Structure formats: C-alpha cells, structure tokens
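To convert, count from 1 in the sequence shown and add 11; that's the numbering used here.
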Amino acid sequence: MAIKLAVAALILLAALGTFIATRPDRFSVERHAQVHASPEVVFAMINDLRQFDGWSPYRFELAPGLSKSFDGPATGQGASYTWEGGSKAGAGRMTLVESRPSERVVLKLEFFKPFAATNQTVFTLAPVEGGTRVSWRMEGENTLMGKAFSLVVNMDTMLGKDFEKGLVNLDAAARSGTQAASQSAQAGTATPTSAL
Numbered sequence: 012m013a014i015k016l017a018v019a020a021l022i023l024l025a026a027l028g029t030f031i032a033t034r035p036d037r038f039s040v041e042r043h044a045q046v047h048a049s050p051e052v053v054f055a056m057i058n059d060l061r062q063f064d065g066w067s068p069y070r071f072e073l074a075p076g077l078s079k080s081f082d083g084p085a086t087g088q089g090a091s092y093t094w095e096g097g098s099k100a101g102a103g104r105m106t107l108v109e110s111r112p113s114e115r116v117v118l119k120l121e122f123f124k125p126f127a128a129t130n131q132t133v134f135t136l137a138p139v140e141g142g143t144r145v146s147w148r149m150e151g152e153n154t155l156m157g158k159a160f161s162l163v164v165n166m167d168t169m170l171g172k173d174f175e176k177g178l179v180n181l182d183a184a185a186r187s188g189t190q191a192a193s194q195s196a197q198a199g200t201a202t203p204t205s206a207l
C-alpha cells in the first residue's frame, strides 16, 4: 500500500511539475491612467528617483530598519535607488536606463530579497486634453518559482492593483505640484506689481 501511495505521489508531482513548466516564460503587467498635469511635469516626477516615495504605491517608510540610498546623477539615465529593509520591503535596486524627456522612462528593477529577480519597468507618456496619459508596464522572465507562484496568485491582479494605486498617487502629487508651482508663479508676479 505504501508503495502505491509513493508512486501516486510521484506521478502527481511529475504532473504538477509538467504543468508548471508549461506556464508562460515571460510576464507583462500594464495599467494606464490620465494624470492632470503636462507631460513635462509628470516626466520630471518619474525621471527623479528621489521623488519616487512621494507617489509610489511601494512606500516603505514604515518598514522597520529600512535603509535607502541614491547613486549616480540626480535625474535621468544612470540614476539609481537602492533599498534594504525587513520582510515587507525586502532589498533591491532601481536603475534608470532610458530617459526620453516628456515621453518615456525605463527602469531596470532588481530584487535581491526575499527572492532574486530582474524586471523592466516602462513609463510611457502621451499628451492628451487636460493632461498626460501615463502607461506603467512591468515585464520580465517568469522563472520556475514565478510560474509556480502564478498558480496561486494572479500577477496581473496583484501588480495591477499596485500600479493603479501608484497612478492615482502620481496624479494627486502632480496636481498638487502643479498647483503649488502655479501659486508660486502668481505670487511671484503679484509681488512686483503690488510693490509699485
């Protein structure tokens, strides 16, 4: 009887392994939203990794023991953001690998903990009436672990919710930045007039 159970378990494991291996080799998750600010304003926010925590859905300020650092230029190609924290934040690095003003920002996203992975994140900007259409896409290799994970968790649903939240945050931050800049400009032009 024990031999039959062992054989059945091996057959079941082989079938599961075969099924996992047939899952797609790559994944891609994408979301779009309108941000109520010009492509120039939106681009400046995405192209500067120091502004990332101001709109990202992945805000790790509350993660105990979080450390982060910035390397390379302040903005644009070569800028990088490295973080390391507890189980919530893990550890990783984002490096800006392509920067086309007001059009596109591409990031290389490397995870070190709790698992190793390298993905590409692409932000595409297009002017539309009333602001900018922002597309946020992440794509990468679906490793064996990722394929197994996709049996229980839908990557599109999981990451898609984060991207949607991030795009809402980006819109709010861009609106508040645009309003602050507008108020500052109005105050700057009003001061000399009232001084006369």
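Where is the CB? At the ideal position from N, CA and C, for every residue including glycine.
Keep in mind it's a predicted model, so treat the numbers as computed, not measured.
Would you kindly report the start and end of the unbroken alpha helix (DSSP H) that includes residue i?
i	result
residue 54	50-57
Can you tell me whether residue i is buried or exposed? The criterion is at least 16 other CB atoms within 10 Å of its CB, across all chains shown.
i	result
residue 61	exposed
residue 84	exposed
residue 207	Here residue 207 scores only 34 on pLDDT, less than 50, and its place in the model should not be relied on; the value that follows carries that caveat. Exposed.
residue 156	exposed
residue 56	buried
residue 16	exposed
residue 187	exposed
residue 90	buried
residue 143	buried
residue 185	buried
residue 96	buried
State the start and end residues of the unbroken beta strand (DSSP E) segment that holds residue i.
i	result
residue 120	115-124
residue 140	Per DSSP, residue 140 belongs to no beta strand (DSSP E) and is neither H nor E.
residue 38	37-46
Taking C-beta to C-beta, are residue i and residue j nearer than 8 Å?
i	j	result
residue 150	residue 42	no
residue 182	residue 40	no
residue 177	residue 67	yes
residue 86	residue 64	no
residue 136	residue 18	no
residue 45	residue 139	yes
residue 69	residue 79	no
residue 153	residue 34	yes
residue 101	residue 122	yes
Give a yes or no on contact between the region 110-127 and the region 14-26, applying the rule of three or more CB pairs nearer than 8 Å.
-> no
Residue ranges of each beta strand (DSSP E) within the region 82-111, 3 or longer = 91-95, 102-111
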